[in-house]
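Q: Would you mind keeping the following structure in view while I ask a few things?
Residue numbers (this note's numbering), protein chains in the order written: chain A, 12 to 695; chain B, 589 to 752; chain C, 21 to 121.
Encoded structure:
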């Protein structure tokens with residue numbers, strides 16, 4: 012009954028594009044239609060996309076696992092020799108999952124934005140960008156070949172730039188957009204090199220292709236090919252991973268994401284938490300057959316991922332801007348996803364991607380609601396006690412916080428535990444420790460956020476400044492919050508671990524594993540299917556203990572015992588300063604790259620001034636010396652001879668300047684005349 | 589055989605309009621007569637089995653360059669004197685010079701025994717051109733794209749008014 | 021069928037007419053029109069030679085490059101013409117003689 016939806020799947024990306032075109036046109040012409048028209052177009056287009064996706068999803072669920080892959084070819088695109096790339100969509104469980112997240116969470120955030128952006132004068136422009144982003148992101152996940160993915164990849168980067176700098180009148184916002192764009196370009200450079208290297212190698216092997224399904228078939232051929240002593244697969248994977256670090260904000264290219272919080276909060280929720288930043292994770296999952304071939308790349312990815320998770324979590328402790336905390340938290344959670352990708356736990360990574368989209372979007376939207384209620388205030392030190400003013404926001408926020416902290420039975424527990432368990436069982440113990448510490452940190456800084464924002468007393472916090480008058484947000488903002496909070500609660504049961512499921516007599520309780528694993532059939536095999544997996548239970552309780560402990564510490568430190576963190580900070584003040592300043596990474600990059608580029612510029616200028624001008628001056632000096640000598644000789648030689656020469660020069664100059672008429676025709680006569688003479692000379 | 593008369597028609601069109609271009613007193617007539625030459629050349633391309641070049645000729649020359657030239661004429665002449673504003677100088681000297689050159693060219697052309705393949709081939713050139721542009725001629729292709737970009741920017745820089 | 025000499029004769033004529041145009045016109049735009057004639061003649065020659073040499077693709081490629089370069093040239097030259105017109109309110113090449121010695 013759902014098969015009708017398959018044929019209309021091309022509408023899924025097309026509808027947001029049409030919505031973007033309509034609102035973009037309206038905005039471009041400077042029209043001010045009723046707000047209801049604008050958000051009817053925007054929310055309607057993405058909402059219908061979501062319904063179509065849902066229909067297609069149900070159709071696919073009804074199919075046997077082997078049949079859950081189809082390519083919808085719209086039209087042929089690039090046909091060059093042996094290379095074929097169509098405008099085609101690859102629909103399989105992975106892309107369907109991503110489409111559901113993008114259009115589903117996207118719809119909710121669109122609805123939220125109608126409330127959040129209600130007072131903005133550029134209402135149509137905002138929704139045009141938002142819809143355009145959805146289009147590009149859907150293109151990225153649905154494209155059946157690397158070229159289409161690349162177009163989506165660049166498209167989401169563009170939309171991210173446009174939306175970060177949405178309030179471009181304020182200069183730091185425009186600068187943040189620029190920073191995001193430039194840093195992303197560095198990553199995109201790596202991505203493009205990776206794609207071209209892959210294509211070139213396949214070309215050498217006689218199977219040039221860019222289509223995912225064909226690359227999957229050809230991937231085993233790549234084994235054993237080296238390039239400069241390094242396996243080609245490893246090179247390709249590492250270059251692709253450079254692209255992923257740019258787009259998904261991993262070390263060393265994460266610096267743009269915290270600055271990207273300059274954009275409107277719905278943008279932060281949609282682009283910089285739920286969807287775009289997960290593009291790197293999706294890319295690795297899509298090309299898992301390549302990454303599975305390269306243990307070196309896997310180790311690099313896991314290490315970078317978990318290091319980022321811990322690194323960003325520690326920075327999160329010391330931030331006072333509510334959105335900055337969430338930004339570093341996003342970087343940290345993305346690190347977990349990459350960690351999972353690196354240990355070939357692709358399902359776990361995608362699972363965490365989905366749950367993270369739910370609870371992080373909820374957290375961001377909640378923070379937006381707080382900012383809205385506090386009339387634009389983002390500094391947590393000026394908040395506090397908001398619990399009684401904004402009960403709905405508080406309730407949803409606390410649910411999402413429990414989810415991200417990894418408390419049973421909320422969504423984050425299942426996904427994060429799955430990742431840590433897979434890492435541990437794959438033997439990456441060092442990375443596992445990093446991950447556990449990061450998970451502890453996550454719980455602490457999230458409850459610090461709760462404590463500083465919602466608990467305590469508002470007026471005590473403002474410290475005598477003019478008090479804010481916080482108010483609860485309208486229903487258009489709280490209902491999306493409730494939807495996302497609900498998903499944060501139940502989302503985890505999509506991936507209910509098999510080992511726990513058996514306790515309740517359930518088989519195949521891990522729905523997402525069964526849904527996605529046919530794609531990743533060479534992933535980590537389920538270890539210890541028989542018997543009671545003691546180790547897994549132990550680790551599960553361990554991570555739960557870590558989460559609960561961290562939450563309690565965070566709650567304690569930032570509500571009742573605020574003196575403890577102050578004492579700790581006083582004890583380790585130099586270290587604290589380093590953390591507050593985000594390890595000075597921005598400053599280091601500034602000193603190493605930005606300054607040096609500017610210095611190179613200045614050096615060029617200096618070279619021009621000193622060396623070139625010096626040469627000119629030196630030659631001037633030489634001329635002066637010679638003229639002095641000639642003047643000396645002049646005094647003693649016969650003036651008449653000199654005068655004669657001078658006269659002759661002047662006369663010839665007077666006569667020769669007549670040739671320089673400045674008329675192009677005269678020159679042409681001479682040129683053509685010369686040609687005629689040349690022909691005469693040759694043939695006569 | 590229809591080929592030769594058709595060729596004659598195109599030749600007449602080309603040369604006739606080129607004559608109008610060269611000897612008309614009105615620059616507007618010159619500009620419009622250029623249309624005939626361009627179409628004649630497009631006809632030649634078709635005769636020479638270069639279908640793609642023929643289409644390009646019409647698109648770029650007629651659609652682009654000619655329109656541009658007409659724009660320039662309109663922009664740089666006052667509307668009232670646009671009809672009689674293509675003055676010439678040194679007509680006699682120019683005519684003599686070019687006529688001598690033409691004679692030489694004809695002499696060379698008729699005196700040379702061109703190496704020509706016995707059998708003429710006629711086939712669509714679109715696919716070979718596409719493949720050649722992206723394989724053996726890739727570098728010139730890229731260079732020319734940069735040249736076009738530079739020309740575009742240069743034109744913008746040249747004609748914009750100073751912004752203060 | 022027309023032979024190669026037919027093409028060469030016609031293009032030689034067009035070439036010379038273009039040259040005549042270039043050497044006699046005073047107006048900068050008129051001069052440019054002459055250049056277009058010359059370029060067209062050259063391009064047809066390239067294609068003609070290639071065609072009678074086994075329908076080689078090189079001739080067409082050269083013609084395309086010539087067309088593109090002619091377009092670029094026209095753009096820049098006409099921009100210069102417009103700039104000159106803004107400066108002198110005239111496009112007579114005999115009057116724009118700033119570089120005269």
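All C-beta atoms in this analysis are idealised placements derived from N, C-alpha and C, irrespective of residue type, glycine included.
Can you look up residue 670(B) in the DSSP assignment and give me helix, strand or coil?
A: As a working note, residue 670(B) is residue 82 in the second chain. Here the model assigns residue 670(B) a pLDDT of 49, short of 50, so the residue's position is not dependable, and the following value carries that caveat. DSSP places residue 670(B) in helix when its eight states are reduced to three.
Q: Within the segment 169-246 of chain A, note down every full alpha helix (DSSP H) run reaching 4 residues or more, in order along the chain.
A: 182-215, 223-233
Q: In chain order, which continuous runs of the alpha helix (DSSP H) of length 4 or greater are located wholly inside the segment 546-609 of chain A?
A: 574-582, 584-591, 596-600
Q: Under a CB-based cut-off of 8 Å, is residue 77(C) close to chain A?
A: As a working mapping, residue 77(C) is identified with position 57 in the third chain. Answer no: the Cβ-Cβ gap between residue 77(C) and chain A never drops below 8 Å.
Q: Where residue 85(A) and residue 151(A) are concerned, what is the direct C-alpha to C-alpha distance, given to the nearest angstrom?
A: Position 74 of the first chain holds residue 85(A). Position 140 of the first chain holds residue 151(A). In a straight line, the C-alpha of residue 85(A) is about 16 Å away from that of residue 151(A).
Q: Taking the straight line between their C-alpha atoms, what separation do you get for residue 24(A) and residue 708(B)?
A: Translated into positions along the first chain, residue 24(A) becomes position 13. Translated into positions along the second chain, residue 708(B) becomes position 120. Between the C-alpha atoms of residue 24(A) and residue 708(B) there is a straight-line separation of about 51 Å.
Q: Please state if the CB of residue 343(A) and the CB of residue 319(A) are separated by a distance shorter than 8 Å.
A: As a first step, residue 319(A) is located in the first chain; it is residue number 308 there, counting from the start. As a first step, residue 343(A) is located in the first chain; it is residue number 332 there, counting from the start. Yes, Cβ-Cβ distance for residue 319(A) and residue 343(A) is below 8 Å.
Q: At the level of alpha carbons, what is the spacing between residue 118(A) and residue 59(A)?
A: The residue you call residue 118(A) lines up with position 107 of the first chain. The residue you call residue 59(A) lines up with position 48 of the first chain. The C-alpha of residue 59(A) is placed about 9 Å away from the C-alpha of residue 118(A).
Q: Once DSSP output is grouped into helix, strand and coil, what is the label at residue 531(A)?
A: Counting from 1 along the first chain, the entry for residue 531(A) is found at position 520. Helix.
Q: With 16 other CB atoms within 10 Å as the buried threshold, where does residue 220(A) fall?
A: As a first step, residue 220(A) is located in the first chain; it is residue number 209 there, counting from the start. By the 16-neighbour rule on beta-carbons within 10 angstroms, residue 220(A) is buried.
Q: I'd like to know whether the C-beta atoms of residue 699(A) and residue 316(A) end up nearer to each other than 8 Å.
A: This structure cannot speak to residue 699(A), because chain A is shown only from 12 to 695.
Q: For a test of the three-state rule: what should DSSP assign to residue 488(A), helix, strand or coil?
A: Working through the first chain from its first residue, we reach residue 488(A) at position 477. Reduced to three states, the DSSP call for residue 488(A) is helix.
Q: At a threshold of 7 Å, does residue 560(A) count as lining the ligand GTP (C-beta to nearest heavy atom)?
A: The ligand content of the structure shown is nil, which means the ligand GTP is not present either.
Q: Could you confirm whether any beta carbon from chain C is found closer than 8 Å to the beta carbon of residue 753(B)?
A: Since the first and last residues shown for chain B are 589 and 752, residue 753(B) lies out of range.
Q: What does the alpha-carbon distance come out to for the pair residue 545(A) and residue 52(A)?
A: By 1-based counting over the first chain, the position of residue 545(A) is 534. By 1-based counting over the first chain, the position of residue 52(A) is 41. Straight-line spacing of the CA atoms in residue 545(A) and residue 52(A) works out to 54 Å.
Q: What does residue 690(A) touch in chain B if you count any residue whose Cβ is under 7 Å from its own?
A: Translated into positions along the first chain, residue 690(A) becomes position 679. Per Cβ cutoff of 7 Å: 692.
Q: Which residues in the same chain as residue 748(B) place their Cβ atom closer than 6 Å to its Cβ, once the five residues preceding and following it in sequence are excluded?
A: Locating residue 748(B) in the second chain gives position 160, where the first residue counts as 1. Closer than 6 Å at the Cβ level, and outside the excluded window around residue 748(B), lies no residue.
Q: For chain E, check one thing: does any of its Cβ atoms lie closer than 8 Å to the Cβ of residue 676(A)?
A: Here chain E cannot be found, since the structure's protein chains are A, B and C.
Q: I want to verify the contact list: residues of chain C whose CB lies under 7 Å from the CB of residue 593(B), in sequence order.
A: Your numbering for residue 593(B) matches position 5 in the second chain. Result: empty, since nearest Cβ-Cβ is about 10 Å, beyond 7 Å.
Q: Please state whether DSSP places residue 260(A) in a helix, a strand or coil.
A: Mapped onto the first chain, residue 260(A) falls at position 249. Three-state result, residue 260(A): coil.
Q: For residue 99(A), which three-state DSSP category applies?
A: Taking the first residue of the first chain as 1, we reach residue 99(A) at position 88. DSSP places residue 99(A) in strand when its eight states are reduced to three.
Q: Distance check for residue 655(B) and residue 88(C), CA to CA, integer angstroms please.
A: Along the third chain, read from residue 1 onward, the residue named residue 88(C) stands at position 68. Along the second chain, read from residue 1 onward, the residue named residue 655(B) stands at position 67. Whole-angstrom Cα-Cα distance: 15 Å.
Q: The alpha helix (DSSP H) spanning residue 306(A) covers which residue range?
A: Walking along the first chain from the start, residue 306(A) turns up at place 295. First-last of the alpha helix (DSSP H) with residue 306(A): 306-328.
Q: Under a CB-based cut-off of 8 Å, is residue 722(B) close to chain A?
A: Your numbering for residue 722(B) matches position 134 in the second chain. With 8 Å as the cut-off, residue 722(B) counts as an interface residue toward chain A.
Q: Quick check on the burial criterion: 16 or more other C-beta atoms within 10 angstroms. Buried or exposed for residue 700(B)?
A: Indexing the second chain from 1 puts residue 700(B) at position 112. That one is exposed.
Q: CB-CB under 6 Å to residue 52(C), same chain, minus the five flanking residues each way: which ones, in chain order?
A: On the third chain, residue 52(C) is found 32 positions in, with the first residue counted as 1. Excluding positions up to five away in sequence, the list reads 97.
Q: If we ignore side chains and look at the alpha-carbon of each, how far apart do residue 724(B) and residue 628(B) end up?
A: What you label residue 724(B) is simply residue 136 of the second chain in a count that begins at 1. What you label residue 628(B) is simply residue 40 of the second chain in a count that begins at 1. Cα to Cα, residue 724(B) sits roughly 30 Å from residue 628(B).
Q: Use the C-beta contact count for residue 135(A): other C-beta atoms within 10 angstroms, 16 or more gives buried, fewer gives exposed.
A: Within the first chain, the letter at position 124 stands for residue 135(A). Buried: at least 16 other Cβ atoms inside 10 Å.
Q: What residues are listed by DSSP as bridge partners for residue 94(A)?
A: By 1-based counting over the first chain, the position of residue 94(A) is 83. Looking at the DSSP assignment, residue 94(A) forms a beta bridge with 91(A).
Q: If you draw a straight line from the C-alpha of residue 648(B) to the C-alpha of residue 91(C), how long is it?
A: Along the second chain, read from residue 1 onward, the residue named residue 648(B) stands at position 60. Along the third chain, read from residue 1 onward, the residue named residue 91(C) stands at position 71. Those two C-alpha atoms are separated by around 7 Å.
Q: Taking 8 Å as the CB-CB cut-off, is residue 37(C) touching chain A?
A: Taking the first residue of the third chain as 1, we reach residue 37(C) at position 17. No, no contact with chain A.
Q: Please check if any C-beta of chain B sits within less than 8 Å of the C-beta of residue 565(A).
A: As a working note, residue 565(A) is residue 554 in the first chain. For residue 565(A), the answer is no, since every Cβ of chain B falls outside 8 Å of its Cβ.
Q: With 8 Å as the threshold, decide whether the Cβ of residue 683(A) is near any Cβ in chain C.
A: Taking the first residue of the first chain as 1, we reach residue 683(A) at position 672. At least one chain C Cβ lies under 8 Å of residue 683(A).
Q: Got a sec? Which residues, its chain only, sit under 7 Å from residue 17(A) by beta carbon, not counting five neighbours each side?
A: Taking the first chain and counting its residues from 1, one reaches residue 17(A) at position 6. Cβ-Cβ distances below 7 Å link residue 17(A) to 67, 70 in the same chain, with the five nearest sequence neighbours on each side left out; the list follows chain order.
Q: Could you name the residues that DSSP lists as bridge partners for residue 83(A)?
A: For the purposes of this step, residue 83(A) is taken as residue 72 along the first chain, with counting starting at 1. The partner list for residue 83(A) (beta bridge, DSSP) reads 100(A).
Q: Spell out the partners DSSP gives residue 47(C) in its beta bridges.
A: Taking the first residue of the third chain as position 1, residue 47(C) is located at position 27. DSSP, once it has assigned bridges, lists 112(C) as partnering residue 47(C).
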